[in-house]
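Residue numbers (this note's numbering): 1 to 330. Glycine residues also receive a C-beta, built at the ideal position from the N, C-alpha and C atoms. Predicted model only: the values in this text are computed from it and were never measured.
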Amino acid sequence: MTFHGGSDLATVYDDALGEGFGLIASNIAEPNTMMGLMQGAQRVDSDLLLQMSNGACSFAGNGDPITGLQAMGNYIDLIADQYDIGVFLNMDHQTNLDTIRKQIELEIPSSIMIDASHDPFEENVEKSKQVVDWVDEADADILVEAELGTIKGVEDEIVADEAFYTDPEQAVEFVDRTGCDLLAISVGTQHGVAKGKDLELRPDLTEDIRMALRDHGLDTPLVLHGSSGVQPEQLQEMLQHGICKVNKDTRYQYEYTRTAFDLYREATDEIVPPEGIEDHRDTFFNDVDWAPNKDRFDPRVAGRNIRDRIADVYADLAEVAGSAGRSKFN
């Protein structure tokens, strides 16, 4: 694979911990978002962490998540070869242990996030440690991320109505017992669109968790999920307290649809028959006065615009997170 494995990703996290920056972990489900992210990362010289949820893999694989992972893994591998940055792939919010085991056997991802945060503490420990053990037994170049505490909102099939903050001492026990490489914590962020919601962020809690881990000899990178609505200054404060990975998904989904919508809204009369003109869609406008403009409706037109917009968004996020100008693989 042209994109890098877990050992290389670990060196990026080591730098991030030491220098106070973070990687924007960017979710994808199809190629346009992926290519836009690579363009943006190359522009600002930032290493790039892509993510795929089980739902995204199922979408890419026509209902089969493993097929989707293989297809997108190959796609990422080939396109990453065009860029002079480090590209990584994380499996995001994985809850099915059988699927995780298959991912480990394939050795495609750079890291896997086992999400058993909705289970009681002991079950979360058991499942998370199982994934760590499988990776060790396979001698796979894969990092394991686990989550402690529930983050409010919706992420794939996981729904949480209430937010439960991560307890610092419990975080120490959890990391010590599971051996996870990264820990996703709940400090008041939430998944999805944050408009009109009060994000009760607790950067002080992030610092408490970080210090509790370090006091026990655990220099574990922390992960911020559900960062929709988190403002730049809030994010930068979190990065000073051990946050090394910041998940972004909803923002890209909106930018994708908004960019296509803006294009089609501007060219409505070139795509859809104006009022009073019969729609000959079924005969594809054969021998009629009005016909759509292929220069507008060709999906590659919207696709290029989407890639450009995603590139701009990622470049801005990388600047805020501090990963811009820090690629280890150029």
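Residue 80: which of 39, 102 and 53 sits nearest, CA to CA? Numbered from 1 along the sequence shown, position 80 holds the residue referred to as residue 80. Ranked by Cα distance from residue 80, the options 39, 102 and 53 are led by 39.
Apply the 10 Å Cβ neighbour rule to residue 277 and answer buried if 16 or more other Cβ atoms are within range, or exposed otherwise. Start at 1 with the first residue of the sequence shown, and residue 277 comes out as number 277. Answer is exposed; the Cβ neighbour count stays below 16.
Per the contact definition of three or more C-beta pairs closer than 8 Å, is the segment 317-329 in contact with the segment 43-54? Enough Cβ pairs lie closer than 8 Å, so yes.
Alpha-carbon to alpha-carbon, residue 256 and residue 63: Counting from one through the sequence shown, the residue named residue 63 turns up at place 63. Counting from one through the sequence shown, the residue named residue 256 turns up at place 256. Their backbone Cα atoms lie some 22 Å apart in a straight line.
Quick one, are the C-beta atoms of residue 186 and residue 117 less than 9 Å apart? For the purposes of this step, residue 186 is identified with residue 186 of the sequence shown, where counting begins at 1. For the purposes of this step, residue 117 is identified with residue 117 of the sequence shown, where counting begins at 1. At a Cβ-Cβ threshold of 9 Å, residue 186 and residue 117 count as neighbours.
What three-state label does DSSP hand residue 201 in the structure shown? Here residue 201 refers to the residue found at position 201 when the sequence shown is read from its first residue. Reduced to three states, the DSSP call for residue 201 is coil.
Distance CB(residue 245)-CB(residue 145) smaller than 9 Å: Here residue 245 refers to the residue found at position 245 of the sequence shown. Here residue 145 refers to the residue found at position 145 of the sequence shown. Yes.
Excluding the 5 residues preceding and the 5 following residue 270 in the sequence, name in chain order all residues of the same chain whose CB lies nearer than 7 Å to its CB. Here residue 270 refers to the residue found at position 270 when the sequence shown is read from its first residue. 292, 293 and 296, listed in sequence order.
What does residue 146 pair with, by DSSP beta-bridge criteria? The residue given as residue 146 occupies position 146 in the sequence shown. In the DSSP secondary-structure assignment, residue 146 is bridged to 114 and 183.
Backbone secondary structure at residue 51 - three-state DSSP: Here residue 51 is taken as the residue at index 51 of the sequence shown, counted from 1. Here residue 51 sits in strand by DSSP.
CA-to-CA distance, residue 24 to residue 317, given in whole angstroms: Residue mapping note: residue 317 aligns to position 317 of the sequence shown, counting from 1. Residue mapping note: residue 24 aligns to position 24 of the sequence shown, counting from 1. One alpha carbon belongs to residue 317, the other to residue 24, and they sit about 7 Å apart.
Applying the 10 Å Cβ sphere with the 16-neighbour rule, what's the burial state of residue 211? Looking up residue 211 in the sequence shown gives position 211. So residue 211 counts as exposed.
Got a sec? Which residues, its chain only, sit under 7 Å from residue 9 by beta carbon, not counting five neighbours each side? Numbered from its first residue, the sequence shown carries residue 9 at position 9. Closer than 7 Å at the Cβ level, and outside the excluded window around residue 9, lie 88, 110, 111 and 143.
What does DSSP give as the partner residues of residue 94 in its beta bridges? One-based indexing of the sequence shown puts residue 94 at position 94. DSSP, once it has assigned bridges, lists 114 as partnering residue 94.
With DSSP as the reference, label residue 313 as helix, strand or coil. Here residue 313 refers to the residue found at position 313 when the sequence shown is read from its first residue. Note: residue 313 maps to helix in three-state DSSP.
Does DSSP put residue 327 in a helix, a strand or coil? Counted from its first residue, the sequence shown places residue 327 at position 327. Residue state, collapsed to three classes: coil.
Give me the Cα-Cα distance between residue 12 and residue 243, rounded to the nearest whole angstrom. Taking the first residue of the sequence shown as 1, we reach residue 12 at position 12. Taking the first residue of the sequence shown as 1, we reach residue 243 at position 243. Each residue's alpha carbon lies about 13 Å from the other.
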